[in-house]
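Residue numbers (the numbering used here): 213 to 419.
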């Protein structure tokens, strides 16, 4: 019955029926409350339903039984990030990665670290994720876009162009193409902007 409830929860979550998934995962926790997997899945569903308190309660239950269960630690990081507790979220991600250095967790921590302003550490984490899972393209997309934020425009262009041949999902492809377009626009406007600064003549910008 636990297995059936878990399978139903996963199917309904993948189909987008998050409410039904939460019900199924809750049923699984009632069958085998000592198993942490259902509690973590229930927390994910609760978080998707904008119920961080319910998600936190589910994760706390999982951690009481299995304090070193990496998916629960990582999920708590997701919850804290949703609540805006970024430093605390980073701490939870770090605990999870110390047990299981998975590429998704590394990417999440890298993006959070980048938001907190430590670009050097974020880049290191993105690269570690890429090395662990070369086919996992999200860290590559994120790292390339970060180069624009750091005003490393040539590096950004090289990294983004290299992604033209990668198998990106639609959202990743949209971000990559949008970032490339912004670089092209920047190059197009760089010369007339420089001339405008020097001469005060805006004619070349009126296109």
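Just so it is clear, CB atoms sit at the ideal spot from N, CA and C, and this is done for glycine as well. Note that the structure is predicted; figures quoted are calculated from it, not measured.
Residue j beta carbon less than 8 Å from that of residue i
{"i": "residue 250", "j": "residue 218", "result": "yes"}
{"i": "residue 356", "j": "residue 345", "result": "no"}
{"i": "residue 298", "j": "residue 324", "result": "yes"}
{"i": "residue 277", "j": "residue 248", "result": "yes"}
{"i": "residue 220", "j": "residue 236", "result": "yes"}
{"i": "residue 318", "j": "residue 337", "result": "yes"}
{"i": "residue 322", "j": "residue 341", "result": "yes"}
{"i": "residue 389", "j": "residue 353", "result": "no"}
{"i": "residue 425", "j": "residue 267", "result": "Residue 425 is absent from the model: the chain starts at 213 and stops at 419."}
Candidates the options, of which the one nearest residue i by Cα
{"i": "residue 391", "options": "383, 400 and 360", "result": "360"}
{"i": "residue 315", "options": "303, 331 and 339", "result": "339"}
{"i": "residue 364", "options": "376, 398, 274 and 229", "result": "398"}
{"i": "residue 347", "options": "330, 381, 332 and 372", "result": "381"}
{"i": "residue 241", "options": "394, 273, 296 and 370", "result": "273"}
Cα-Cα separation between residue i and residue j, rounded to whole angstroms
{"i": "residue 400", "j": "residue 253", "result": "48 Å"}
{"i": "residue 294", "j": "residue 328", "result": "15 Å"}
{"i": "residue 301", "j": "residue 281", "result": "16 Å"}
{"i": "residue 283", "j": "residue 308", "result": "7 Å"}
{"i": "residue 379", "j": "residue 320", "result": "20 Å"}
{"i": "residue 343", "j": "residue 396", "result": "29 Å"}
{"i": "residue 313", "j": "residue 214", "result": "28 Å"}
{"i": "residue 225", "j": "residue 265", "result": "19 Å"}
inquiry  = Does the structure place the stretch 288–305 close enough to the stretch 250–267 that three or more beta carbon pairs sit under 8 Å?
reply    = yes
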